[in-house]
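Single-structure report; data block below.
Residue numbers (my numbering): 26 to 170.
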């Protein structure tokens with residue numbers, strides 16, 4: 026009886042998504058934790074993706090993005106790869122790179138993810154979580170730029 030209750034509670038918890046506030050988190054650290062959570066079967070919603078930080082030199086990150094923009098199909102560029110500009114779609118793509126997205130398991134995991142700029146209506150009243158191991162203020166040395 027008790028075991029059945031625990032199993033039902035676990036299933037119920039999987040149905041409710043974890044809502045993460047992306048503001049002030051480091052891109053790669055947050056993405057890796059979200060990717061692992063998705064593979065474990067949990068639904069995840071990341072809001073305020075425009076506030077996610079990328080550590081390192083701005084110029085170096087800009088060069089890396091420009092190199093990414095050069096990647097295209099010579100025959101027909103409309104076939105991809107597609108270069109998303111929206112912060113939420115860029116974060117989605119980083120997570121996709123951490124998942125086996127060409128397998129069924131990876132596709133299902135990616136289907137459990139939702140990313141947004143700002144905080145849309147159903148999630149504005151929900152409790153938002155932070156990931157301490159991915160927070161910029163806790164991970165980066167404040168003395169360095």
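The C-beta atom is built at its ideal place from N, Cα and C for all residues, glycine as well.
Quick caveat, the model's predicted, so the values are computed rather than measured.
Bounding residues of the beta strand (DSSP E) (the contiguous stretch that carries residue i)
i	result
residue 114	Careful: residue 114 lies outside any beta strand (DSSP E), inside the alpha helix (DSSP H) at 112-122.
residue 138	138-140
residue 70	69-72
residue 162	Run containing residue 162: none in the beta strand (DSSP E); it sits in the alpha helix (DSSP H), 161-164.
residue 46	43-46
Close beta carbons around residue i, own chain, < 7 Å, minus the five adjacent residues each side
i	result
residue 123	56, 57, 60
residue 156	45, 50, 55, 58
Three-state secondary structure assigned by DSSP to residue i
i	result
residue 51	strand
residue 78	strand
residue 100	coil
residue 58	helix
Cβ-based burial, residue i [other Cβ within 10 Å; buried from 16]
i	result
residue 78	buried
residue 41	exposed
residue 126	exposed
residue 74	buried
residue 146	exposed
residue 113	buried
residue 116	buried
residue 103	exposed
Cβ-based neighbour list, residue i, same chain, cut-off 8 Å, excluding 5 preceding and 5 following
i	result
residue 154	43, 44, 45, 46
residue 151	44
residue 94	108
Span of the alpha helix (DSSP H) around residue i
i	result
residue 92	83-95
Contact set for residue i: own chain, Cβ-Cβ below 6 Å, skip 5 residues either direction
i	result
residue 139	70
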